[in-house]
Amino acid sequence: GAGVSQTPSNKVTEKGKYVELRCDPISGHTALYWYRQSLGQGPEFLIYFQGTGAADDSGLPNDRFFAVRPEGSVSTLKIQRTERGDSAVYLCASSLTENSPLHFGNGTRLTVT
Amino acid sequence: KNQVEQSPQSLIILEGKNCTLQCNYTVSPFSNLRWYKQDTGRGPVSLTIMTFSENTKSNGRYTATLDADTKQSSLHITASQLSDSASYICVVSLKAAGNKLTFGGGTRVLVKP
Chain X
294 GAGVSQTPSN
304 KVTEKGKYVE
314 LRCDPISGHT
324 ALYWYRQSLG
334 QGPEFLIYFQ
344 GTGAADDSGL
354 PNDRFFAVRP
364 EGSVSTLKIQ
374 RTERGDSAVY
384 LCASSLTENS
394 PLHFGNGTRL
404 TVT
Chain Y
705 KNQVEQSPQS
715 LIILEGKNCT
725 LQCNYTVSPF
735 SNLRWYKQDT
745 GRGPVSLTIM
755 TFSENTKSNG
765 RYTATLDADT
775 KQSSLHITAS
785 QLSDSASYIC
795 VVSLKAAGNK
805 LTFGGGTRVL
815 VKP
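So the protein lines, in turn, are chains X and Y. Per my numbering: the first sequence = residues 294 to 406. Per my numbering: the second sequence = residues 705 to 817.
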């Protein structure tokens, strides 16, 4: 498949644990985005990468959240000391350029117990 | 605060009927407006993208309209099918902000046979 791939599709973790969520964008897409979606709500912006660098990380809620994209392709969203309020679907999207249509993955459903 | 408001929150229609979803936004400065379809458990999929100079854009049985003066958009679904059951999300892009999009909360549409 040539779409955006996110793994795992579901993740259950205990409060206080560390989690990593992975995103494989469409090959050749330079822009990569992370969004968080709570039940019944629209996605909320977290962070945007252009290539390897985080061009805008203003949506990260606090310093427990961090994301990397070391080679300009795969990205990992890292959450430290998880809290129950972090439970949500984390969506990744990529686009060919900054103003091209976004292509979303199916998300990782994170549940913090 | 930039906002995107959608109405109704949900609606039920019979297969074959038409329906119209509304979107009001206060995002400024405005770059473009997008409608996405999100099936349960999947990432959003782009339906239409309109710049401020476009009044209408169609994608099959989906027709989006935009009035940039009143900051209103609508999505019209013609001859609905069972597969149209999904959430429809209005998304507004800030000018010069790339794909840092502001998402509405969505309208959940259920098409019944």
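Think of the CB as a built atom: it goes at the ideal place given N, C-alpha and C, for glycine as much as any other residue. Keep in mind that this is a model prediction, so the values were computed, not measured.
C-beta atoms of residue i and residue j nearer than 7 Å
i                     : j                     : result
residue 815 (chain Y) : residue 719 (chain Y) : yes
residue 369 (chain X) : residue 307 (chain X) : no
residue 729 (chain Y) : residue 775 (chain Y) : yes
residue 304 (chain X) : residue 384 (chain X) : no
residue 754 (chain Y) : residue 779 (chain Y) : no
residue 739 (chain Y) : residue 752 (chain Y) : yes
residue 376 (chain X) : residue 324 (chain X) : no
residue 339 (chain X) : residue 352 (chain X) : yes
residue 344 (chain X) : residue 378 (chain X) : no
residue 309 (chain X) : residue 374 (chain X) : yes
Boundaries (first-last residue) of the beta strand (DSSP E) holding residue i
i                     : result
residue 405 (chain X) : 401 to 405
residue 709 (chain Y) : 708 to 711
residue 388 (chain X) : 381 to 388
residue 777 (chain Y) : 776 to 781
residue 737 (chain Y) : 734 to 742
residue 304 (chain X) : 303 to 306
residue 772 (chain Y) : Here residue 772 (chain Y) belongs to no beta strand (DSSP E), and DSSP marks it neither H nor E.
residue 763 (chain Y) : 760 to 763
residue 313 (chain X) : 312 to 317
residue 728 (chain Y) : 723 to 729
residue 348 (chain X) : 346 to 349
residue 790 (chain Y) : 790 to 798
residue 342 (chain X) : 337 to 343
residue 805 (chain Y) : 805 to 807
residue 369 (chain X) : 368 to 372
residue 240 (chain X) : In the structure displayed, chain X extends from 294 to 406; residue 240 (chain X) sits before or after that span and is not available.
residue 756 (chain Y) : Note, residue 756 (chain Y): premise wrong, no beta strand (DSSP E); not H, not E.
residue 811 (chain Y) : 811 to 816
residue 361 (chain X) : 358 to 361
residue 320 (chain X) : Counting along the chain, residue 320 (chain X) falls outside any beta strand (DSSP E), and DSSP gives it neither H nor E.
Residues near residue i by beta carbon distance below 7 Å, same chain, minus five either side
i                     : result
residue 322 (chain X) : 387, 388, 389
residue 348 (chain X) : 341, 342
residue 786 (chain Y) : 719, 815, 817
residue 380 (chain X) : 403, 404, 405
residue 790 (chain Y) : 741, 742, 743, 813
residue 362 (chain X) : 325, 342, 345, 368
residue 763 (chain Y) : 751, 752
Nonlocal neighbours in the same chain, by C-beta distance under 6 Å from residue i, ignoring five residues either side
i                     : result
residue 315 (chain X) : 300, 369
residue 382 (chain X) : 330, 400, 402
residue 326 (chain X) : 341, 386
residue 672 (chain Y) : Here chain Y comprises residues numbered 705 to 817, so residue 672 (chain Y) is not present and cannot be evaluated.
residue 367 (chain X) : 317
residue 358 (chain X) : 372
residue 350 (chain X) : 340
Rounded distance between the beta-carbons of residue j and residue i, thought under 8 Å
i                     : j                     : result
residue 711 (chain Y) : residue 726 (chain Y) : 5 Å
residue 760 (chain Y) : residue 768 (chain Y) : 7 Å
residue 421 (chain X) : residue 809 (chain Y) : As shown, chain X starts at 294 and ends at 406. That puts residue 421 (chain X) outside it, with no answer to give.
residue 783 (chain Y) : residue 736 (chain Y) : About 27 Å separates the two Cβ atoms, so there is no contact after all.
Proximal residues to residue i (C-beta, below 8 Å), its chain only, five neighbours per side dropped
i                     : result
residue 395 (chain X) : 326, 386, 387, 388
residue 302 (chain X) : 399, 400, 401, 402
residue 311 (chain X) : 371, 372, 373, 374, 375
Residues from the stretch 775 to 808 of chain Y in contact with chain B, defined by Cβ distance under 9 Å = The structure shown contains no chain B; its protein chains are X and Y.
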